[in-house]
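A.B. asks:
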Amino acid sequence: MKTLKTSILLFAIMATAVAGKANQVNEKLSMKYAADTYVNALCHGQVKDIATIFDNDAKFTSTRGQNITNFTKSDILASLRSNKGIEQNCAVTSSVLEALPDQVIMKINMKYDAFTRVDIVTMLQTKAGWKITNVATTYQ
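In this note's numbering, the protein residues as written are 2 to 141.
#1: Hey, quick one: how far does the beta strand (DSSP E) through V105 stretch, first residue to last?
#2: Rounded to whole angstroms, what's the CA-CA distance from Q67 to Y140? Just pull it up for me.
#3: Could you check the C-alpha separation between Q104 and A35 for me, to the nearest Å?
#4: To the nearest whole angstrom, what separates the beta carbons of T64 and T138, a pair I think is in contact under 8 Å?
#5: Inspect the CB distances between the segment 78 to 94 and the segment 32 to 52 and report whether three or more fall short of 8 Å.
#6: Can you name the start and end residues of the alpha helix (DSSP H) that I77 belongs to?
#7: Between which residues of its own chain and T123 is the CB-CB distance below 6 Å, once the five residues before and five after are set aside?
#8: Checking the sheet assignment: what are the DSSP bridge partners for I69?
#9: Cα separation between K22 and I51?
#10: Taking just the CA atoms, how far does D56 sit from F72?
#11: Pick from L101, K85, D76 and T62: whose alpha carbon is nearest that of K49?
#12: In angstroms with no decimal places, state the Cα-to-Cα distance between G130 and I121.
#13: Let me confirm a value: K33 is counted as buried when at least 16 other C-beta atoms fall within 10 Å, else exposed. Which label applies?
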């Protein structure tokens with residue numbers, strides 16, 4: 002009887018641990034996690050897990066006046082990682098422009114003293130969770 006009680010107790014502990022881990026994994030697949038991870042990397046230099054939120058074919062475009070520059074996923078990752086731990090001196094706001102069941106378009110404003118950086122971010126729900134597929138950046 003003692004062995005049965007011990008076995009049940011161990012099973013309950015393991016089930017709780019597995020459920021906690023599953024919730025953590027499910028959270029990392031969410032749209033909120035992808036959005037928060039991007040904003041935290043961009044604005045606060047927190048680059049942990051940043052590579053996991055971008056689709057492999059993600060496209061990045063930056064427009065400054067008449068100059069349009071395209072970047073790859075590896076370009077953006079290198080740029081974000083080079084700013085690891087750096088807190089941007091700006092006010093950050095974000096809003097959802099469009100939300101569909103499998104696609105979300107967000108607007109992120111980073112207001113500095115002399116200009117505002119605006120990112121329009123497209124995210125899609127994939128088999129591997131929500132991924133950023135496109136970021137268009139302009140400066141105002």
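A virtual CB, placed ideally from N, CA and C, is assigned to each residue, including glycine.
C.D. replies: If we stick to the structure as given:
#1: Residue numbering aside, residue 105 sits at position 104 when the sequence shown is read from its first letter. Counting along the chain, the beta strand (DSSP E) containing V105 begins and ends at Q104 to K112.
#2: Within the sequence shown, the letter at position 66 stands for residue 67. Within the sequence shown, the letter at position 139 stands for residue 140. Taking the straight line from one Cα to the other gives about 11 Å.
#3: Translated into the one-based positions of the sequence shown, residue 104 becomes position 103. Translated into the one-based positions of the sequence shown, residue 35 becomes position 34. Their Cα atoms are separated by approximately 12 Å.
#4: Locating residue 64 in the sequence shown gives position 63, counting from the first residue. Locating residue 138 in the sequence shown gives position 137, counting from the first residue. About 7 Å separates the two Cβ atoms, so the contact holds.
#5: Flag = yes, the segment 78 to 94 and the segment 32 to 52 touch.
#6: Locating residue 77 in the sequence shown gives position 76, counting from the first residue. Taken as a continuous stretch (DSSP letters only), the alpha helix (DSSP H) holding I77 covers K74 to S83.
#7: Stepping through the sequence shown from its first residue, residue 123 is reached at position 122. Cβ neighbours of T123 beyond the five flanking positions: I106, T134 and N135.
#8: Stepping through the sequence shown from its first residue, residue 69 is reached at position 68. Among the bridge pairs identified by DSSP, I69 is matched with T64.
#9: Stepping through the sequence shown from its first residue, residue 22 is reached at position 21. Stepping through the sequence shown from its first residue, residue 51 is reached at position 50. Below a pLDDT of 50, predicted positions are generally treated as unreliable, and K22, at 47, falls in that range; no measurement from the model is reported.
#10: Along the sequence shown, one-based indexing puts residue 72 at 71. Along the sequence shown, one-based indexing puts residue 56 at 55. The straight-line gap from Cα to Cα measures roughly 13 Å.
#11: As a working note, residue 49 is residue 48 in the sequence shown. Nearest of L101, K85, D76 and T62 to K49, Cα basis: K85.
#12: Along the sequence shown, read from residue 1 onward, the residue named residue 130 stands at position 129. Along the sequence shown, read from residue 1 onward, the residue named residue 121 stands at position 120. If you take the alpha carbons of G130 and I121, they lie about 20 Å apart.
#13: The residue given as residue 33 occupies position 32 in the sequence shown. Its Cβ having fewer than 16 others within 10 Å, K33 is exposed.
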